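Notes follow the structure.
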Amino acid sequence: MKFTVLRINLDEKKVENEELEKDGVYGIIDYGIELHESLETHSIDPYDPKNVVVMGMGPFSGSTLPGAHRLMFFFRSPLYGTLFPSAMGGAAYAFKNVGVDFVTFEGKAEKPVVVLLYNDGENIKVELHEIELDKVIGIWRNYKGEEGVYALTQYLIDTFGERFDFEYRIAVVGPAALNTNYGAIFSQALRKGERLVGSEDWAARGGSGSVLLRAHNVIGIIFGGKPRKRKFPGEDISNFRTAKDIVEGVHKKPYNEIIAEKTTKYRFNPKLNTGGTFGGNYPAEGDFVPILNWQMPYIPKEERIRIHENIMKHYWEPFNEEAIKPKNWTTCGEPCPVVCKKYRRGHHVEYEPYEANGPLSGSISLRASDISVHAVDAMGFDAIEFGGTAAWVLELVHRGLLKPEEVGISGKPEFTKEALIERPVEASEVNAKLVAELAHRVAFAENEIAKIIGLGKRKASVIFDEKFKDRLSYGESFKDYAVFTPLGEDGEITPTMYWAIGNYIPLPIQGRYWTFYQFGVFLEPEELAQKIIASALWEFWYDNVGWCRFHRGWMKPVLKALFMDAYGINIDMEEHAKRQIKRLIEYARKAGYVPVFWDSMRVIDLVAAGSEEFGNEKWAEKFRVDKVGTAKEYLSRVLEAYSEILGVEWRL
1140 MKFTVLRINL
1150 DEKKVENEEL
1160 EKDGVYGIID
1170 YGIELHESLE
1180 THSIDPYDPK
1190 NVVVMGMGPF
1200 SGSTLPGAHR
1210 LMFFFRSPLY
1220 GTLFPSAMGG
1230 AAYAFKNVGV
1240 DFVTFEGKAE
1250 KPVVVLLYND
1260 GENIKVELHE
1270 IELDKVIGIW
1280 RNYKGEEGVY
1290 ALTQYLIDTF
1300 GERFDFEYRI
1310 AVVGPAALNT
1320 NYGAIFSQAL
1330 RKGERLVGSE
1340 DWAARGGSGS
1350 VLLRAHNVIG
1360 IIFGGKPRKR
1370 KFPGEDISNF
1380 RTAKDIVEGV
1390 HKKPYNEIIA
1400 EKTTKYRFNP
1410 KLNTGGTFGG
1420 NYPAEGDFVP
1430 ILNWQMPYIP
1440 KEERIRIHEN
1450 IMKHYWEPFN
1460 EEAIKPKNWT
1470 TCGEPCPVVC
1480 KKYRRGHHVE
1490 YEPYEANGPL
1500 SGSISLRASD
1510 ISVHAVDAMG
1520 FDAIEFGGTA
1530 AWVLELVHRG
1540 LLKPEEVGIS
1550 GKPEFTKEAL
1560 IERPVEASEV
1570 NAKLVAELAH
1580 RVAFAENEIA
1590 KIIGLGKRKA
1600 SVIFDEKFKD
1610 RLSYGESFKD
1620 YAVFTPLGED
1630 GEITPTMYWA
1640 IGNYIPLPIQ
1650 GRYWTFYQFG
1660 VFLEPEELAQ
1670 KIIASALWEF
1680 WYDNVGWCRF
1690 HRGWMKPVLK
1700 ALFMDAYGIN
1710 IDMEEHAKRQ
1720 IKRLIEYARK
1730 AGYVPVFWDS
1740 MRVIDLVAAG
1750 SEEFGNEKWA
1760 EKFRVDKVGT
1770 AKEYLSRVLE
1780 AYSEILGVEW
1790 RL
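Following my numbering, the numbering of the sequence shown begins with 1140 at its first residue and continues without gaps.
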């Protein structure tokens, strides 16, 4: 397959446009692996300017098929330690008009820059506009009454918007990218130069924004161009009828019917009278919902049920009243019948950010969590990572292991099960306010403890264990209260917001869905390994071709046919995915990021309690006899089976 690559060297201010045609390169991750292997970035610091960020669209962008316009970012993560993909919904719908497939950012600009990438109808234009860091920080603090990524986005619209007579999109970073390892890249769909409420999306996981700013000094990217039609060498899937015929040929059902059927959860589920990830997940999870920094193992089931009842009353029901009933639904920026973006009171509401900075952090009132989530988003954090970190910090303050004044927050949280059962709204307001305060302290690195927290829970714990050793019991660590999936000596990532055993397994990619993330299930280790691989092989493809995973139900069986019909290429989908995952594993090994045993007692307790809660009496009995030893056995066997199936070395 042929791809066009725009290479931007920021320190030399040099731009090269090149054609790429190489066997085995079918998408963004394929290209990113090739590039990082050739540059041997495993041997450098993730903030080295040689840690190239690849931004790109998939080979089906420009088709009329919904979901095909995710904009992907690929880089070496400063948090997890190895190569990482991060996805931004809908943004490739504007990017496709630039006229290239991939853009690479390498080298570091002398000052913070905004990169303009656009096509004037004849040529691709690249401009670098410098902004002094002090000015950027000032914009982040306040511009027209907004802060952070929202303020910077509006500033760039005001500064550059009048230059463009075509649709464009802006991606920016916030102060979290400057001062932490888990800064994200934010983008919001624009319509006639106005920000479209509810359409916000993020390339967040793994610290994409932190690398973009600290390795390359890029604070924003503006991209778009005159409308252009993509040429497909085979069948023209930019033609709706052609694309529709391919889908119907595979599914043997009408196009509209199959897409509606396979995306019900994300649009509207008539059985539950709700929609979206937020609407669907809370009724499904029941008392397995992560709460109070993952303290579910220590809270009796009947009390978790009472807390869940409060979540449904104060979290889920207001969402349905304010977002679902009035049909406040929109898309991520590409034409899509699923309209998965649900919004209310000016806030886009999705499960993961509202769970991590809500129930996990002690807020189960939707109005209260609006405060915390908005602050976290404005500061430009990966909301999952920050929510997991905030929940940890609030528990540490509650237990007296950290003091509010050290952290820079105004008081102690109400971080007990009793608070969420007896006074859910009042406790939520207290906790959400503290999460919002913490987001500002950490994003702007306003004190010593905030700077340490910006490293991530695992790295920070090492420092806290030494700094506050007199506050710990014998053998105890700050890590024991933190939930993260570890990799190597210092790699870490907060798992997605499900009490799922597959989320805690050290894998070459974690914290996204390249695992088996079904909650409430405790499998034999060998079966879990099989299911992890089965999931990862296809999650690889969704990311590789930049396709929204909300469409996976109908897209998965169509993808091979699309490659055949649109490009004339016959790909063994599973074999290629296996080969690329092996390469990701080899890279991680070279970088020194290999599987390690869990070094957090909270994670061990989640796995041990999961065996009993999820009904596996055999393993529950083993955990009761020897908790740590059984945890080691279980994890070792998962990774052993994983290694054998893939034919790799990925063991404890």
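Every residue, glycine too, gets a C-beta built ideally from N, C-alpha and C.
Computed from a predicted model, the values in this text were never measured in an experiment.
Assumed close pair residue 1505, residue 1527 - CB separation to whole angstroms, cut-off 8 Å:
Position 366 of the sequence shown, counted from the start, is the residue given in the question as residue 1505. Position 388 of the sequence shown, counted from the start, is the residue given in the question as residue 1527. Residue 1505 to residue 1527, Cβ: 20 Å. No contact.
In whole angstroms, what separates the C-alpha of residue 1305 from that of residue 1146?
Walking along the sequence shown from the start, residue 1305 turns up at place 166. Walking along the sequence shown from the start, residue 1146 turns up at place 7. Looking at the two C-alpha atoms, the distance is approximately 24 Å.
Distance CB(residue 1175)-CB(residue 1247) smaller than 9 Å
Here residue 1175 refers to the residue found at position 36 of the sequence shown. Here residue 1247 refers to the residue found at position 108 of the sequence shown. Cβ atoms of residue 1175 and residue 1247: not closer than 9 Å.
Distance, Cα to Cα, residue 1489 vs residue 1647?
As a position in the sequence shown, residue 1489 is number 350, starting the count at 1. As a position in the sequence shown, residue 1647 is number 508, starting the count at 1. Using only the alpha carbons, I get a separation of about 26 Å.
When DSSP labels each residue in this structure, what does residue 1347 get in the three-state scheme?
Sequence index remark: in the sequence shown, residue 1347 carries index 208 (1-based). Helix, per DSSP.
Let me know the secondary structure DSSP gives residue 1656 once reduced to three states.
The residue labelled residue 1656 in the question sits at position 517 within the sequence shown. Reduced to three states, the DSSP call for residue 1656 is coil.
Proximity winner among 1570, 1643, 1407, 1436, relative to residue 1653 (alpha-carbon distances):
The count along the sequence shown starts at 1 and reaches residue 1653 at position 514. Ranking the options by Cα distance to residue 1653, first place goes to 1643.
Of the residues 1189, 1403, 1392, 1160, which one's Cα is nearest the Cα of residue 1690?
On the sequence shown, position 551 is the one that residue 1690 refers to. Selected option, being the one with the closest Cα: 1403.
Nearest CA to the CA of residue 1544: which residue from 1177, 1350, 1589?
Reading the sequence shown from its first residue, position 405 is the one you call residue 1544. Closest by alpha carbon: 1589.
What did DSSP end up calling residue 1139 once you bin it into helix, strand or coil?
The structure shown does not extend to residue 1139, since the chain spans only 1140 to 1791, so no value can be given for it.
Which runs of the beta strand (DSSP E) spanning at least 3 residues fall entirely within the segment 1577-1647, listed in chain order?
1624-1626, 1630-1632
Put residue 1554 into one of helix, strand or coil per three-state DSSP.
Mapped onto the sequence shown, residue 1554 falls at position 415. Of the three classes helix, strand and coil, the one that applies to residue 1554 here is coil, per DSSP.
Proximity below 9 Å, CB of residue 1598 to CB of residue 1531
Translated into the one-based positions of the sequence shown, residue 1598 becomes position 459. Translated into the one-based positions of the sequence shown, residue 1531 becomes position 392. Contact: no.
In this structure, how does DSSP classify residue 1156 when only helix, strand and coil are distinguished?
Along the sequence shown, read from residue 1 onward, the residue named residue 1156 stands at position 17. Three-state DSSP puts residue 1156 in a strand.
Taking its Cβ as the centre, do 16 or more other Cβ atoms sit within 10 Å of residue 1747, making it buried, or is it exposed?
Within the sequence shown, residue 1747 is the residue found at index 608, counting from 1. By the 10 Å Cβ count, residue 1747 comes out buried.
What does the Cβ neighbour count give for residue 1432, buried or exposed, with the cut at 16 atoms within 10 Å?
Translated into the one-based positions of the sequence shown, residue 1432 becomes position 293. With 16 or more other Cβ atoms within 10 Å, it is buried.
Between the Cα of residue 1249 and those of 1267, 1262, 1256, spot the shortest distance and give me the residue it belongs to.
Counted from its first residue, the sequence shown places residue 1249 at position 110. Measuring from the Cα of residue 1249, the nearest candidate turns out to be 1267.
Taking Cβ positions, are residue 1795 and residue 1763 nearer each other than 9 Å?
Within the shown structure, residues of the chain are numbered from 1140 to 1791, placing residue 1795 beyond reach of any answer.
Hey, would you say residue 1220 sits closer than 9 Å to residue 1593, going by beta carbons?
For this step, residue 1220 is matched to residue 81 along the sequence shown. For this step, residue 1593 is matched to residue 454 along the sequence shown. Contact flag unset, no.
Tell me, please, whether the CB atom of residue 1532 is closer than 9 Å to any CB atom in chain B?
Of the protein chains in this structure there is only one, and it is not chain B.
DSSP on residue 1194, reduced to helix/strand/coil?
The residue labelled residue 1194 in the question sits at position 55 within the sequence shown. Correct three-state label for residue 1194: strand.
First and last residue of the beta strand (DSSP E) that includes residue 1409?
Along the sequence shown, read from residue 1 onward, the residue named residue 1409 stands at position 270. Residue 1409 -> no beta strand (DSSP E), and no H or E assigned at all.
Closest to residue 1635 by CA distance: which of 1420, 1251, 1285 is it?
Here residue 1635 refers to the residue found at position 496 when the sequence shown is read from its first residue. That would be 1420, whose Cα lies nearest to the Cα of residue 1635.
Which value, in whole angstroms, describes the spacing of the CA atoms of residue 1577 and residue 1236?
Indexing the sequence shown from 1 puts residue 1577 at position 438. Indexing the sequence shown from 1 puts residue 1236 at position 97. Between residue 1577 and residue 1236, the C-alpha separation is close to 39 Å.
Backbone CA spacing between residue 1168 and residue 1467 [nearest angstrom]:
Counting from one through the sequence shown, the residue named residue 1168 turns up at place 29. Counting from one through the sequence shown, the residue named residue 1467 turns up at place 328. Cα-Cα distance, rounded: 34 Å.
For residue 1353 and residue 1278, the rounded distance between their alpha carbons
Locating residue 1278 in the sequence shown gives position 139, counting from the first residue. Locating residue 1353 in the sequence shown gives position 214, counting from the first residue. Those two C-alpha atoms are separated by around 18 Å.
Report the CB separation of residue 1739 from residue 1623 in whole angstroms; it is logged as a contact under 8 Å.
Looking up residue 1739 in the sequence shown gives position 600. Looking up residue 1623 in the sequence shown gives position 484. Contact holds; Cβ gap of about 7 Å.
Whether or not the segment 1572-1586 and the segment 1686-1702 are in contact is what I'm after, with contact meaning three or more pairs of Cβ atoms, one per stretch, closer than 8 Å; do they touch?
no
From the DSSP output, which residues share a beta bridge with residue 1706?
Within the sequence shown, the letter at position 567 stands for residue 1706. Residue 1706 is not bridged to any residue.
Check whether the Cβ atoms of residue 1524 and residue 1321 lie closer than 9 Å to each other.
Taking the first residue of the sequence shown as position 1, residue 1524 is located at position 385. Taking the first residue of the sequence shown as position 1, residue 1321 is located at position 182. Cβ atoms of residue 1524 and residue 1321: closer than 9 Å.
Does the contact criterion of 3 or more C-beta pairs under 8 Å hold for the segment 1691-1698 versus the segment 1764-1775?
no
Just list the residues that DSSP pairs residue 1264 with in beta bridges.
Counting from 1 along the sequence shown, the entry for residue 1264 is found at position 125. The partner list for residue 1264 (beta bridge, DSSP) reads 1257.
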